[in-house]
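Novice:
In this note's numbering, the protein residues as written are 358 to 498.
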């Protein structure tokens, strides 16, 4: 059975990290690319945000006895397969896991143009993930 405290805590973290990233928007791409401190703050916040999503997916998968664990992407996939999240959100969150891996493990150089684009164009996917999980949780518990 899902631990309500864990779900609420992870949803709160997802919300906080998303709001933090929204506050880091506003500078031009040129300013962003030239500001290493802001880049590091954005990248670390993205890593924390995406890891919180993975942790939440992992907890739900394990608690609900969904498909066996594997990679972080499999954790997200299990939520989609169980119709806890929509297929569109599942796809975007699986991409986010890959994005986190690039940021965390520095596979090649991080493309700051891509990070800037995700910051300005893709935060709504994290909000949608949060909303879908919260809706599932409220209906179920």
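For glycine and all other residues, C-beta sits at the position ideal for the given N, C-alpha and C.
1) Could you give the DSSP three-state label for residue 450: helix, strand or coil?
2) Name the residue from 371, 389, 380, 378 whose alpha carbon lies nearest to the alpha carbon of residue 414.
3) Measuring straight from C-alpha to C-alpha, what distance separates residue 478 and residue 472?
4) On a Cα-Cα basis, can you pick out the residue from 441, 381, 463 that is closest to residue 485?
5) Pick out the complete alpha helix (DSSP H) segments inside the stretch 414–451, 4 residues or longer, and give them in chain order.
6) Classify residue 394: buried if its beta carbon has 16 or more other beta carbons within 10 angstroms, exposed otherwise.
7) Exposed or buried, which one is residue 365 when buried takes at least 16 other CB atoms within 10 Å?
8) According to DSSP, is residue 359 part of a helix, a strand, or is it coil?
9) Use the C-beta contact count for residue 391: other C-beta atoms within 10 angstroms, 16 or more gives buried, fewer gives exposed.
10) Below 8 Å, can you find three or more Cβ-Cβ pairs linking the stretch 377–391 to the stretch 414–431?
11) From residue 388 to residue 422, what does the alpha carbon distance come to, in whole angstroms?
12) From the DSSP output, in three-state form, read off residue 385 for me.
Specialist: Per the coordinate set shown:
1) If you number the chain shown from 1, residue 450 lands on position 93. Residue state, collapsed to three classes: helix.
2) As a working mapping, residue 414 is identified with position 57 in the chain shown. When only C-alpha atoms are compared, the closest one is 371.
3) Reading the chain shown from its first residue, position 121 is the one you call residue 478. Reading the chain shown from its first residue, position 115 is the one you call residue 472. The alpha-carbon atoms of residue 478 and residue 472 are separated by roughly 10 Å.
4) Here residue 485 refers to the residue found at position 128 when the chain shown is read from its first residue. That would be 441, whose Cα lies nearest to the Cα of residue 485.
5) 429–438
6) Here residue 394 refers to the residue found at position 37 when the chain shown is read from its first residue. Residue 394 comes out exposed.
7) Within the chain shown, the letter at position 8 stands for residue 365. Exposed.
8) The residue labelled residue 359 in the question sits at position 2 within the chain shown. Note: residue 359 maps to coil in three-state DSSP.
9) Taking the first residue of the chain shown as 1, we reach residue 391 at position 34. An exposed status is given to residue 391, since fewer than 16 other beta-carbon atoms sit within 10 Å of its beta-carbon.
10) no
11) Along the chain shown, read from residue 1 onward, the residue named residue 388 stands at position 31. Along the chain shown, read from residue 1 onward, the residue named residue 422 stands at position 65. Approximately 47 Å, taken between the alpha carbons.
12) Here residue 385 refers to the residue found at position 28 of the chain shown. Look at residue 385 here: in three-state DSSP terms it is coil, with no helix or strand label.
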